[in-house]
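In this note's numbering, the protein residues as written are 1 to 199.
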């Protein structure tokens with residue numbers, strides 16, 4: 001996936017009725033496949049009387065993206081795949097989309113199923129609040145005490161954060177900086193330390 005990517009900022013639910021069948025679309029955060037599987041299991045328990053719990057998820061970072069989907073007993077390719085196609089087109093990651101179906105007594109056919117599941121996925125994802133995914137680079141620095149303040153200020157100016165700081169012979173700083181600003185951050189650290197520090 002290329003371009004700007006987004007992550008859920010909350011969760012969302014939308015409902016769609018097609019020829020007496022009820023489709024409930026849920027979109028929630030799932031940061032890894034295990035979390036997605038746990039949420040799917042809990043959803044199956046919560047909606048125990050439903051006919052199907054179809055899902056698609058995309059988790060992980062840019063270089064380690066993992067996806068999964070299931071038709072959950074619907075004819076192959078008529079449920080999980082259309083949900084996944086909508087999900088891939090949305091640019092949203094670390095998300096699980098589940099469509100809960102209550103069969104209404106009228107068969108929809110393969111084309112009808114593809115449309116119903118795709119439309120429900122579109123409805124829930126278009127209503128989901130999202131925020132831009134900021135990819136960060138982790139770093140570690142051993143900084144002389146005299147440079148602690150300017151280095152921590154440089155981290156803040158770069159939009160980064162300190163995740164751990166320890167005081168020993170030098171100040172050991174661990175943190176992360178948004179990938180978009182890493183080159184400027186490296187230059188600033190090099191300038192502050194007159195070439196003595198590098199990331």
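Don't be surprised by glycine CBs; every beta carbon is placed ideally from N, CA and C.
Per DSSP, which one or two residues make a beta bridge with residue i?
i           : result
residue 111 : DSSP, once it has assigned bridges, lists no residue as partnering residue 111.
residue 142 : 172
residue 177 : 137
residue 98  : 26 and 55
Please determine, among the options, the residue with the shortest C-alpha to C-alpha distance to residue i.
i           : options              : result
residue 197 : 181, 170 and 178     : 170
residue 29  : 98, 181, 159 and 151 : 98
residue 126 : 11, 40 and 3         : 11
First and last residue of the beta strand (DSSP E) that includes residue i?
i           : result
residue 164 : 161 to 167
residue 13  : 12 to 18
residue 132 : 130 to 132
Among the residues of its own chain, which have a CB less than 7 angstroms from the CB of residue i, if the five just before and after it don't count?
i           : result
residue 136 : 176, 177, 178 and 179
residue 192 : 147, 150, 151 and 154
If you follow the alpha helix (DSSP H) that residue i is part of, which residue opens it and which one closes it?
i           : result
residue 33  : 33 to 46
residue 5   : Looking at the DSSP string, residue 5 is not in any alpha helix (DSSP H), and its letter there is neither H nor E.
residue 186 : 182 to 192
residue 68  : Premise fails: residue 68 lies in the beta strand (DSSP E), 66 to 70, not in any alpha helix (DSSP H).
residue 156 : 148 to 157
residue 202 : The structure shown has nothing for residue 202, since the chain only spans 1 to 199.
Can you give me the Cβ contacts of residue i inside the same chain, cut-off strictly under 6 angstroms, excluding the 5 residues immediately before and after it?
i           : result
residue 67  : 58
residue 1   : Here residue 1 scores only 45 on pLDDT, less than 50, and its place in the model should not be relied on; the value that follows carries that caveat. For residue 1, where only same-chain residues beyond five positions count, there are no Cβ hits under 6 angstroms.
residue 138 : 176
residue 69  : 56, 80 and 84
residue 124 : 12, 14, 25 and 27
Leaving out five residues on either side along the sequence, give the residues of the same chain with a beta carbon under 8 angstroms from the beta carbon of residue i.
i           : result
residue 184 : 158
- Query: Are there three or more Cβ pairs, one per stretch, closer than 8 angstroms when the stretch 32 to 43 is compared with the stretch 133 to 145?
  - Reply: no
- Given 8 angstroms as the limit, is there contact between the stretch 81 to 92 and the stretch 36 to 52, that is, 3 or more CB pairs closer than that? Three or more beta-carbon pairs separated by less than 8 angstroms are not found between the stretch 81 to 92 and the stretch 36 to 52, which leaves the two stretches without contact.
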